[in-house]
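Contents: one structure, followed by commentary.
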Amino acid sequence: MGLLVGPILLLAGLLWASYHLVTHARYAGAPQVRATVLTAHYEQDGRGVHARRIVLAVPVAVPLDNLSSAPEGLRPGDSVTALTRPGHALLPSQLRWSLLLLPSCFVLVGLAGTATGVMHWRENPPPRPADPEAWD
(Lines of atoms letter the chains of each structure in order from A; the text may use other names.)
(Lines give C-alpha, C1' and ligand atoms only; values in the text may rest on other atoms or scores of the structure.)
Protein backbone atom coordinates (compact mmCIF):
# COMPACT_ATOMS: atom_id res chain seq x y z
CA MET A 0 0.00 0.00 0.00
CA GLY A 1 2.85 2.36 0.86
CA LEU A 2 4.41 1.82 -2.56
CA LEU A 3 1.22 3.05 -4.17
CA VAL A 4 0.07 5.87 -1.89
CA GLY A 5 3.52 7.15 -0.85
CA PRO A 6 4.73 8.31 -4.28
CA ILE A 7 1.32 9.84 -5.06
CA LEU A 8 1.37 11.91 -1.85
CA LEU A 9 5.01 12.81 -2.45
CA LEU A 10 4.33 14.03 -5.98
CA ALA A 11 1.19 15.92 -4.90
CA GLY A 12 3.09 17.66 -2.09
CA LEU A 13 5.98 18.62 -4.36
CA LEU A 14 3.68 20.02 -7.04
CA TRP A 15 1.65 21.95 -4.48
CA ALA A 16 4.74 23.34 -2.75
CA SER A 17 6.40 24.26 -6.06
CA TYR A 18 3.60 26.74 -6.81
CA HIS A 19 4.30 28.63 -3.57
CA LEU A 20 8.08 28.39 -3.97
CA VAL A 21 7.88 29.79 -7.51
CA THR A 22 5.78 32.69 -6.21
CA HIS A 23 8.38 33.40 -3.52
CA ALA A 24 11.14 33.32 -6.13
CA ARG A 25 9.30 35.62 -8.54
CA TYR A 26 8.71 38.26 -5.89
CA ALA A 27 12.09 37.99 -4.14
CA GLY A 28 13.50 41.51 -4.07
CA ALA A 29 10.37 43.04 -5.59
CA PRO A 30 9.87 46.66 -4.54
CA GLN A 31 7.13 47.46 -2.02
CA VAL A 32 4.87 50.31 -3.11
CA ARG A 33 1.65 51.86 -1.88
CA ALA A 34 -1.23 50.82 -4.11
CA THR A 35 -4.91 51.61 -4.33
CA VAL A 36 -7.52 48.89 -4.90
CA LEU A 37 -9.37 49.64 -8.14
CA THR A 38 -11.68 46.63 -8.25
CA ALA A 39 -12.30 43.75 -5.88
CA HIS A 40 -14.72 41.01 -6.88
CA TYR A 41 -15.48 38.20 -4.43
CA GLU A 42 -17.66 35.15 -4.81
CA GLN A 43 -19.33 33.27 -1.98
CA ASP A 44 -20.00 29.57 -2.17
CA GLY A 45 -20.58 26.76 0.31
CA ARG A 46 -16.92 26.81 1.43
CA GLY A 47 -16.63 30.55 2.05
CA VAL A 48 -15.69 33.77 0.28
CA HIS A 49 -13.14 33.62 -2.55
CA ALA A 50 -11.52 36.44 -4.50
CA ARG A 51 -12.28 36.27 -8.23
CA ARG A 52 -10.54 39.43 -9.49
CA ILE A 53 -8.62 42.15 -7.71
CA VAL A 54 -6.93 45.00 -9.59
CA LEU A 55 -4.50 47.44 -7.97
CA ALA A 56 -3.26 50.81 -9.18
CA VAL A 57 0.53 50.97 -8.74
CA PRO A 58 0.22 53.62 -10.50
CA VAL A 59 -0.95 51.66 -13.57
CA ALA A 60 -3.64 49.00 -13.17
CA VAL A 61 -2.23 45.51 -12.52
CA PRO A 62 -4.04 42.33 -11.44
CA LEU A 63 -3.30 40.77 -8.09
CA ASP A 64 -1.62 37.36 -8.43
CA ASN A 65 -2.34 34.24 -6.39
CA LEU A 66 -5.99 35.00 -5.65
CA SER A 67 -6.36 31.84 -3.56
CA SER A 68 -4.40 33.54 -0.76
CA ALA A 69 -5.81 37.03 -1.27
CA PRO A 70 -7.28 38.69 1.82
CA GLU A 71 -11.01 39.11 2.14
CA GLY A 72 -12.69 42.45 2.54
CA LEU A 73 -10.70 44.63 0.14
CA ARG A 74 -12.84 47.38 -1.32
CA PRO A 75 -12.21 49.84 -4.15
CA GLY A 76 -10.34 52.84 -2.78
CA ASP A 77 -8.51 50.90 -0.03
CA SER A 78 -4.82 51.68 0.25
CA VAL A 79 -2.50 48.66 0.56
CA THR A 80 1.20 47.87 0.39
CA ALA A 81 2.02 45.68 -2.61
CA LEU A 82 5.03 43.92 -4.05
CA THR A 83 5.26 44.66 -7.76
CA ARG A 84 6.92 43.32 -10.84
CA PRO A 85 6.06 44.27 -14.44
CA GLY A 86 2.35 43.66 -14.98
CA HIS A 87 1.80 41.88 -11.66
CA ALA A 88 1.30 42.63 -7.98
CA LEU A 89 1.13 40.64 -4.76
CA LEU A 90 0.39 41.60 -1.19
CA PRO A 91 3.16 40.80 1.34
CA SER A 92 0.66 38.82 3.44
CA GLN A 93 0.27 36.41 0.50
CA LEU A 94 3.91 35.29 0.84
CA ARG A 95 3.43 33.52 4.17
CA TRP A 96 5.74 30.56 4.66
CA SER A 97 2.89 28.87 6.53
CA LEU A 98 1.32 28.17 3.12
CA LEU A 99 4.02 25.51 2.72
CA LEU A 100 3.03 23.67 5.90
CA LEU A 101 0.38 21.37 4.42
CA PRO A 102 2.35 20.57 1.23
CA SER A 103 5.36 19.77 3.43
CA CYS A 104 3.23 17.34 5.43
CA PHE A 105 2.19 15.64 2.18
CA VAL A 106 5.85 15.31 1.18
CA LEU A 107 6.85 13.88 4.56
CA VAL A 108 3.97 11.39 4.67
CA GLY A 109 4.72 10.44 1.06
CA LEU A 110 8.39 9.84 1.86
CA ALA A 111 7.52 7.80 4.95
CA GLY A 112 4.93 5.75 3.06
CA THR A 113 7.33 5.08 0.19
CA ALA A 114 10.16 4.09 2.54
CA THR A 115 7.84 1.81 4.53
CA GLY A 116 6.56 0.20 1.34
CA VAL A 117 10.08 -0.41 0.01
CA MET A 118 11.22 -1.91 3.33
CA HIS A 119 8.16 -4.18 3.41
CA TRP A 120 8.77 -5.22 -0.23
CA ARG A 121 12.39 -6.12 0.57
CA GLU A 122 11.49 -8.14 3.67
CA ASN A 123 8.55 -9.94 2.04
CA PRO A 124 9.18 -10.25 -1.70
CA PRO A 125 6.28 -11.48 -3.80
CA PRO A 126 6.27 -15.23 -4.45
CA ARG A 127 8.17 -16.33 -7.51
CA PRO A 128 6.44 -18.38 -10.18
CA ALA A 129 6.67 -22.10 -9.55
CA ASP A 130 9.27 -24.10 -11.41
CA PRO A 131 7.42 -25.90 -14.22
CA GLU A 132 9.64 -28.94 -13.83
CA ALA A 133 8.79 -29.28 -10.15
CA TRP A 134 5.49 -30.95 -11.09
CA ASP A 135 7.19 -33.99 -12.53
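Position 38, counted from 1, in the sequence shown is what numbering that gives the first Met the number 0 calls 37; the numbers after and before it change by one each time, with no gaps. Ideal Cβ placement from N, Cα and C applies to all residues, glycine included. In this text the structure is predicted, and so the values were computed from the model without any measurement.
Where A114 is concerned, there is no enclosing beta strand (DSSP E), although the alpha helix (DSSP H) around it starts and stops at L100 to E122. For P126, the three-state secondary structure derived from DSSP is coil. Under the DSSP definition of a beta bridge, Y26 lacks any partner.
For S78, the enclosing beta strand (DSSP E) has its first and last residue at S78 to R84. Between A56 and A34, the gap from beta carbon to beta carbon is short of 8 Å.
In the DSSP assignment, G47 falls within the unbroken beta strand (DSSP E) covering G47 to A56.
In this structure, V117 keeps its C-beta atom at 8 Å or more from the C-beta atom of L14. Taking a cut-off of 8 Å on C-beta distances, the region 103 to 118 does not touch the region 25 to 41, as fewer than three cross pairs fall below it.
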